[in-house]
Amino acid sequence: MNEFIVQHIDKLGTVLPVYDGEKSLYTATTIPDLDVEVQLPESNGSGSRCKRRSFLVAVKKASEPDLRLLDRFLKGEVSTFPQEGIQALDIVLRELPSQKLVPAGRSFFSDIFGQHDLGGGIISWNGFYESIRVAQNGLLTLNLDITANAFIKPGSLEDFLSNSFRMDRTVLFEELTRGDACGDTARVKAKKLLKGIRIETNHSTKTKRKHRVSSLSDQPLQSLTFEMNGENISVCEYFSKTYNYKIRYPQLPAIDCGTRDKRTYFPIEVCSIVPGQNYTRKMNQSQKDALTKITCCMPQDRLQKTHQIAQDLISNSSRYLKEFGVMVNRNMTEVPARVLPPPKIQFKNSVENPSNGSWNLRGKVLFQACKRIKAWSLINFDNMLYPNTINKFCNEFVRSCTNYGLVSRFECTEIQSTK
């Protein structure tokens, strides 16, 4: 869609559209219906290359959100919720983050906000949640909060598998090449881990291409062959002749990035993880706990981080905000409030004012004591204690309880000692 805007600016004029990532394109003014061709370049700007691809883009007017309905709703004149208008404004504010950051649901993430290693081949990226909300008193608010999400750790595919299996690389390769049930289990686990992951191959010195993993081969690389120019050729031989590359681990299974009808094999050693991929599989408890702790911070720190995100978002999105006539107050919404005084603690002989949620019981007598405890016992699990020490503790315990007004009298009948 970015290329569509660049290549057909003559048809759009000064209009600056925003895109929801699916099928809706929003403009501040009406544009004509279009049926145009868009060419994607071979290079994506990161050094990776792909085949030059051509797409047909059809733009047709679907609807026209009435923002006057939103204004009337905020004033309390109508009760129908203006979902379409809210959605349009939300996409305006999400346009720039969608281009620069990694989206996940209603949140955006990047390693520039900070990252942490969660172990097992996954990391966390910090980010923020963003949405437009209708608040009380006719307020239309920008709702922001800091958050974190799990991502696949970028790097070599060998390291990812080693970290995921929590095995040394040499031990892992031995597991993947075994011909017994243990080897089958390791390969099945590897297939589940790798399916759907986007990788980048680096065996060619000229270009780097990106692919999506579909499976893991059942046979080792050295046994895989395919037909080329009417002759069968092994994958190892193909890499040697075409790229002058000798495969280091021919005994390992191959990464399959093709389809059921047309297989495309790559050695694990030439593959690396493309950054910015959400980790959607189930995490273990330690990883969940680590992810939760990342976003736990003091209120003032949360306020500062959220305020900075808001300033950057508003400033960087100024072109789109101006295009759609949207103004955002840079100051956080203030809500009138007061700190309630803590309740006083009534003792039998005094009144205590708690400080920072705590108070001192020294010298205090409870306002209402519990009923008299007629019988009680103490069990000692340490056979190294002297009986005198235990008796002293019991006497001190009885005296302290009596001083606090818990009971009028304790009767200690027996002390049981056990190993």
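For what it's worth, the numbering used here labels the leading residue of the sequence shown as -16, then goes sequentially. We treat Cβ as the ideally placed atom computed from N, Cα and C, and that holds for glycine.
Query	Result
Compute the beta-carbon to beta-carbon distance between Val(-2) and Val309, rounded to the nearest angstrom, for a pair I have assumed lies under 8 Å.	With 8 Å as the limit, Val(-2) and Val309 do not qualify as a contact, their Cβ atoms being about 16 Å apart.
To the nearest angstrom, report how far apart Gly166 and Pro258 are at their CA atoms.	29 Å
Is it true that the segment 167 to 185 meets the segment 193 to 211, where meeting means three or more beta-carbon pairs spaced less than 8 Å apart?	yes
Is it right to say Ile356 is buried, meaning 16 or more other beta carbons lie within 10 angstroms of its own, or is it exposed?	exposed
Decide if Asn109 is buried, meaning its Cβ has at least 16 other Cβ atoms within 10 Å, or exposed.	buried
Decide yes or no for the touch test of the segment 181 to 190 against the segment 252 to 272: beta carbon pairs closer than 8 Å, at least 3 of them.	yes
Between Phe64, Glu60, Ile292, Gly59, which has its C-alpha nearest Pro48's C-alpha?	Phe64
Secondary structure at Cys455, three-state DSSP: helix, strand or coil?	Residue 455 is absent from the structure shown; the chain starts at -16 and stops at 402.
Does DSSP put Ala173 in a helix, in a strand, or in coil?	helix
When the distance is taken between beta carbons, is His99 closer than 7 Å to Ser93?	no
By Cβ distance, which residues of its chain are closer than 7 Å to Cys219, with the 5 residues on each side in sequence left out?	Leu204, Gln205, Ile230, Pro233
Tell me where the alpha helix (DSSP H) around Asp54 begins and ends.	50 to 57
If I follow the unbroken alpha helix (DSSP H) through Glu78, where does it start and stop?	66 to 83
Tell me whether Tyr248 is buried or exposed, calling it buried when 16 or more other Cβ atoms sit within 10 Å of its Cβ.	buried
If we ignore side chains and look at the alpha-carbon of each, how far apart do Thr418 and Thr190 end up?	No answer is possible for residue 418: the residues shown for the chain start at -16 and end at 402.
Which first and last residues belong to the beta strand (DSSP E) in which Ser46 is found?	Per DSSP, Ser46 belongs to no beta strand (DSSP E) and is neither H nor E.
Hey, out of Ala352, Glu317, Arg285, Asn(-15), whose CA is closest to Gln119's CA?	Glu317
For Ser383, count the other beta carbons within 10 Å of its own beta carbon; 16 or more makes it buried, fewer makes it exposed. Which is it?	exposed
Under three-state DSSP, which class holds Tyr2?	strand
If you reduce the DSSP assignment to three classes, tell me which class Asp(-7) lands in.	helix
Just verifying my parser: in three-state terms, what is the DSSP assignment at Ser391?	Low confidence applies here, because Ser391 scores a pLDDT of 47, under 50, leaving its location unreliable; read the following figure in that light. If DSSP states are grouped into helix, strand and coil, Ser391 belongs with coil.
Which value, in whole angstroms, describes the spacing of the CA atoms of Val19 and Val40?	5 Å
Would you tell me roughly how many angstroms separate the C-alpha atoms of Leu122 and Arg77, rounded to the nearest one?	20 Å
Got a sec, what are the start and stop residues for the alpha helix (DSSP H) Glu157 sits in?	152 to 160
Over what stretch of residues does the beta strand (DSSP E) that includes Phe209 continue unbroken?	208 to 211
Helix, strand or coil, according to DSSP, for Gly121 in the structure here?	helix
Compute the Euclidean distance between the alpha carbons of Ile(-12) and Lys83, then round it to the nearest angstrom.	17 Å
Taking the straight line between their C-alpha atoms, what separation do you get for Cys377 and Ala133?	54 Å
Leu144 and Leu155 look like a contact to me (Cβ under 8 Å); what is the Cβ gap, rounded to whole Å?	6 Å
Assuming Lys331 and Leu344 make a contact with CB atoms under 8 Å, what is their CB distance in whole Å?	Between Leu344 and Lys331 the Cβ distance is about 12 Å, and since that is not below 8 Å, they are no contact.
CB Lys347 to CB Asn336, shorter than 7 Å?	no
For the beta strand (DSSP E) holding Glu20, just list the boundary residues, first then last.	17 to 23
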